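Under the numbering used here, the residue at position 62 of the sequence shown is numbered 62, and the numbers go up by one with no gaps.
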Amino acid sequence: METEAIIEIKDNTFARQFETTTEKGLVSVEYSFQEKKIFLTKINVPDSFDDELFVSNLLKEIMAIAIERKLKVVPILPKIVVFFKKNPAYKELLPPGIRL
């Protein structure tokens, strides 16, 4: 059974991104706010970084932050759309009218 590590996330409001440090460097998810929605616009990973499970777990942590802050999540990136398709439990975070 795979275990999900708790990822330490920093909300860097100045750079408008959630970020965490791995042994290969900084991994971040850029965002923008509009009303009570958070638009996830870009995932930045170091060149040699290919840990899809880590990115998925990072997105799960960001979803938890969105739930805590009562935000709707607008996935801009295809990779984040795929995350929502693989994790239907988070579909309630999508604003009305967004279909995946």
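By construction, the Cβ of each residue, glycine as well, lies at the ideal position given by its N, Cα and C atoms. Values in this document were obtained by computation on a predicted structure and should not be read as measured data.
Contact belief for residue i with residue j at Cβ below 8 Å, rounded distance in angstroms
i, j, result
"LEU40", "ILE76", "6 Å"
"LEU71", "LYS24", "Contact flag wrong, Cβ pair sits at about 29 Å."
"VAL81", "LEU100", "6 Å"
Contact check, residue i vs residue j, beta carbons under 8 Å
i, j, result
"LYS79", "ILE43", "yes"
"PHE49", "THR22", "yes"
"LYS91", "PHE84", "yes"
"PHE14", "SER28", "no"
Burial state of residue i (16 or more Cβ within 10 Å)
i, result
"GLN34", "exposed"
"ALA66", "buried"
Identified DSSP bridge partners for residue i
i, result
"SER32", "PHE39"
"ASP11", "PHE18"
"VAL74", "PHE39"
Contact between the stretch 47-60 and the stretch 92-100: three or more CB pairs below 8 Å? no
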